[in-house]
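*Asks:*
Residue numbers (the working numbering), protein chains in the order written: chain A, -16 to 298; chain B, 23 to 422.
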């Protein structure tokens, strides 16, 4: 990382820390959701962007993480912070196990298999044998955690900083993962899996691992999302959530770490803008935005920024 | 003596006048405006419901064109939540914290309203006349700031039970219900209606999942139980299947169909109009396209409203008359609130509606609330399908 990038990162972090003190609680809550989505998108990006496996079912892992957190808090009385690593661990295992059979599927077929997972999830959550724990269609309402240690923060601000800390941690982990040996292996498999195997990369192991790690990120995001929203219900995690995640990483920039953040900003704020422009056809407006982004920035926002900075260096 | 009385009266008037004229406002209200928040699914899988939000918006546009309420314009701010509870939380917070609305009105959906139930009551912002039939919205002791509007599912279930007990005391009832809070609400209503005799009347209860492809086997099961009365608690798709299946296997019970699925166009036509003859259900709103109301004076203002403010909307879509009627109810509450537009007072006034009669409600149905009763519409009238349309019969019934 160059010095300039480090300074930029420092400024960004400082701005992120000042943010909740200058905007309203409602905006703080929205930015908390942006951070949550950024973690989920980073997870999906590891799988799709770096490893080339398309998933249309990451909403299911998000739901799994959210329900882990909600059930642990509501039924077992666990503290909110303890639920986040548990949700991550559960999703890591679930993702790895789902990745094993999914290995035999390539490209579009994998997309279909994961799509099935995404479609099935809300109905599984409504399944009445599990109702004792999941609360069925009613969902689970959870309480908002106050700031600890007598910090002079309101619950929204505290939750924002809690999420920010975890986001930073997850981004550092992700950055370390993809720029090292594992990251190179993932990219090699994506670009040419036969060549990768010839170089001695254990294809199936890395692909399942990518699935597991990706699901873990999404699960952590789901747990944080549930704590922020204070409510989980099957209707919160329908197939559109999975599709929106995919939209997020493509708009943000495939195989890019900051791209996850741009994508998160897009999926959080653009639907609201679309709704403000037209009540009659918010999705048409959303579609126009999406086409404009993809047309003007074919490599995502991250790609466009990269292009701009290199161009400036050249001139 | 007369003069004295007059003086006393004048003093009283002089003393009370400033009190009357004193205007009290909470965020969202001012001398010129009343700001109201709403969420509706304008996009997503449940976007058909979005028509309710559009109808309410159009209604208040009409009110504003006619001079507003007590001289104030109504600013109806409605956001899309695409029927997703997390989005509802976000939008409700936006409305309360950023847009500073006086209260939320007609937020739509049982899960969506559950998601903001606690929040609204903690913030002490009214969650007014929510668009869902669940019974839990009528709980003023624990949730002072939340109120329902339409007859709730339990009320309706109780009314069917009463009708069965009054007309056929030896009936054997078979029940088909959707296995979720909606289905269980209806079931509980019917069981409560039968009271201690529930086990004598109800001979079979069978449930289905929304994910089931059909309810055919359930209907066969109910027939085999020997039931001669069928209470059909299903959403439109399953309702059509059940009606058709019961007819096809030659089961001829007295068939009660829940109000959720009474649409002639989307339920009875696919099921077969000839197979639907004799269905009994409960209703509280007039249907705009029903020939019975073709010359009804009461529906004329509604028809004009539709022509002028919602020219593109489908008159047969019942959500229009629903939105129009619930907006009229709020109109009355705001009129009653006068110049005291605090959240506390608006809530107090909405719990003090006495025998409000609206022309889009069926004859004989009134809206009444009290501080202990947050269920505005509790009466319905039974109607029977004659092969072409629903025909009202009997008296207006309440659950009490």
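Ideal Cβ positions, reconstructed from N, Cα and C, are used throughout, including at glycine.
If residue 208 of chain A and residue 108 of chain B are in contact, beta carbons under 8 Å, what's the gap, nearest whole angstrom?
*Replies:* That pair is a contact at about 7 Å.
*Asks:* From which residue to which residue does the beta strand (DSSP E) around residue 419 of chain B run?
*Replies:* From DSSP, the beta strand (DSSP E) with residue 419 of chain B extends over 412 to 420.
*Asks:* In whole angstroms, what is the alpha-carbon distance linking residue 332 of chain B and residue 341 of chain B?
*Replies:* Cα-Cα distance, rounded: 12 Å.
*Asks:* So residue 278 of chain B is in the beta strand (DSSP E); what residue range does that whole segment cover?
*Replies:* Segment 276 to 279, the beta strand (DSSP E) holding residue 278 of chain B.
*Asks:* Return helix, strand or coil for residue 371 of chain B, following the three-state DSSP convention.
*Replies:* Residue state, collapsed to three classes: helix.
*Asks:* Pick helix, strand or coil for residue 264 of chain A, following the three-state DSSP scheme.
*Replies:* DSSP places residue 264 of chain A in coil when its eight states are reduced to three.
*Asks:* Is it buried or exposed, residue 415 of chain B, if we count other Cβ atoms within 10 angstroms and call 16 or more buried?
*Replies:* So residue 415 of chain B counts as exposed.
*Asks:* Please check the pair residue 58 of chain A and residue 141 of chain A, which I expect to be a contact at CB under 8 Å, by giving their CB distance rounded to whole angstroms.
*Replies:* Actually they do not touch by this definition, with Cβ atoms about 24 Å apart.
*Asks:* Hey, is residue 326 of chain B's beta-carbon within less than 7 Å of any beta-carbon in chain A?
*Replies:* Closer than 7 Å: no.
*Asks:* To the nearest angstrom, how far is it from the Cα of residue 277 of chain B to the Cα of residue 73 of chain B?
*Replies:* For residue 277 of chain B and residue 73 of chain B, the distance between alpha carbons rounds to 30 Å.
*Asks:* Report back the beta-carbon spacing between residue 365 of chain B and residue 147 of chain B to the nearest angstrom; my notes put them in contact at under 8 Å.
*Replies:* Rounded, the Cβ-Cβ distance is 6 Å, consistent with contact.
*Asks:* What is the rounded straight-line gap between the Cα of residue -7 of chain A and the Cα of residue 136 of chain B?
*Replies:* When rounded, the distance between both Cα atoms is 41 Å.
*Asks:* Excluding five sequence neighbours on each side, which residues of the same chain lie with their C-beta closer than 7 Å to the C-beta of residue 356 of chain B?
*Replies:* Excluding residues within five positions, the ones whose Cβ falls inside 7 Å are 56, 91.
*Asks:* Quick one, which residues of the segment 3 to 34 of chain A are near chain B if we go by CB-CB under 8 Å, in chain order?
*Replies:* Flagged, chain order: 7, 8, 9, 10, 12, 13, 16.
*Asks:* Can you tell me which of B:392, B:349, B:156 puts its alpha carbon nearest to the alpha carbon of residue 370 of chain B?
*Replies:* Here the closest residue by C-alpha is B:392.
*Asks:* Against chain A, which members of the segment 104 to 120 of chain B pass a CB distance test of less than 7 Å?
*Replies:* Hits within the stretch, in order: 105, 106, 107, 108, 111, 112, 115, 116, 119, 120.
*Asks:* Going by DSSP, what residues sit across from residue 405 of chain B in a beta bridge?
*Replies:* According to DSSP, which records beta bridges pairwise, residue 405 of chain B is partnered with B:303, B:414.
*Asks:* Verify whether the separation of the beta carbon atoms of residue 176 of chain B and residue 153 of chain B is less than 7 Å.
*Replies:* Against a cut-off of 7 Å, the Cβ pair of residue 153 of chain B and residue 176 of chain B comes out as no contact.
*Asks:* Can you tell me the Cα-Cα spacing of residue 40 of chain A and residue 197 of chain A, whole angstroms?
*Replies:* Between residue 40 of chain A and residue 197 of chain A, the C-alpha separation is close to 12 Å.
*Asks:* Does the segment 15 to 31 of chain A come close enough to the segment 147 to 156 of chain A that 3 or more CB-CB pairs lie under 8 Å?
*Replies:* Touching, per the Cβ criterion.
*Asks:* Comparing C-alpha positions only, which one of A:149, A:254, A:215 sits nearest to residue 227 of chain A?
*Replies:* Out of A:149, A:254, A:215, A:254 has the C-alpha closest to the C-alpha of residue 227 of chain A.
*Asks:* Would you mind sorting residue 177 of chain A into buried or exposed? The rule is 16 or more other CB atoms within 10 Å of its CB.
*Replies:* Looking at its Cβ environment, which holds fewer than 16 other Cβ atoms inside 10 Å, residue 177 of chain A is exposed.
*Asks:* Output yes or no for whether 7 Å exceeds the beta carbon distance between residue 248 of chain A and residue 17 of chain A.
*Replies:* Their beta carbons are under 7 Å apart, which means residue 248 of chain A touches residue 17 of chain A by this criterion.
*Asks:* Does the count of Cβ pairs from the segment 212 to 227 of chain B and the segment 283 to 297 of chain B closer than 8 Å reach three?
*Replies:* No: the two stretches stay apart, fewer than three of their Cβ pairs being nearer than 8 Å.
*Asks:* Measure the alpha-carbon distance for residue 410 of chain B versus residue 295 of chain B and round it to whole angstroms.
*Replies:* If you take the alpha carbons of residue 410 of chain B and residue 295 of chain B, they lie about 7 Å apart.
*Asks:* Around the Cβ of residue 182 of chain B, are there at least 16 other Cβ atoms within 10 angstroms (buried) or fewer (exposed)?
*Replies:* Buried: at least 16 other Cβ atoms inside 10 Å.
*Asks:* For residue 291 of chain A, does the three-state DSSP call read helix, strand or coil?
*Replies:* Correct three-state label for residue 291 of chain A: helix.
*Asks:* Determine which residues of the segment 242 to 273 of chain A have a Cβ less than 7 Å from any Cβ of chain B, and write them out in chain order.
*Replies:* Listed by position, the residues of the segment 242 to 273 of chain A near chain B (Cβ gap below 7 Å) are 258, 262, 265, 266.
*Asks:* Quick check: the Cα distance between residue 343 of chain B and residue 308 of chain B, rounded to an integer number of angstroms?
*Replies:* Each residue's Cα considered, the two are about 8 Å apart.
*Asks:* Since I believe residue 201 of chain A is in contact with residue 44 of chain A (beta carbons under 8 Å), could you give me their beta-carbon distance rounded to a whole number of angstroms?
*Replies:* Contact holds; Cβ gap of about 4 Å.
*Asks:* Give the DSSP-derived three-state secondary structure of residue 13 of chain A in the structure shown.
*Replies:* Residue state, collapsed to three classes: helix.
*Asks:* Apart from the five residues just before and just after residue 257 of chain B, which ones in its own chain have a Cβ nearer than 7 Å to its Cβ?
*Replies:* Contacts found: 200, 282, 283.
*Asks:* Are the beta-carbon atoms of residue 63 of chain A and residue 135 of chain A separated by less than 7 Å?
*Replies:* Their beta carbons are not under 7 Å apart, which means residue 63 of chain A does not touch residue 135 of chain A by this criterion.
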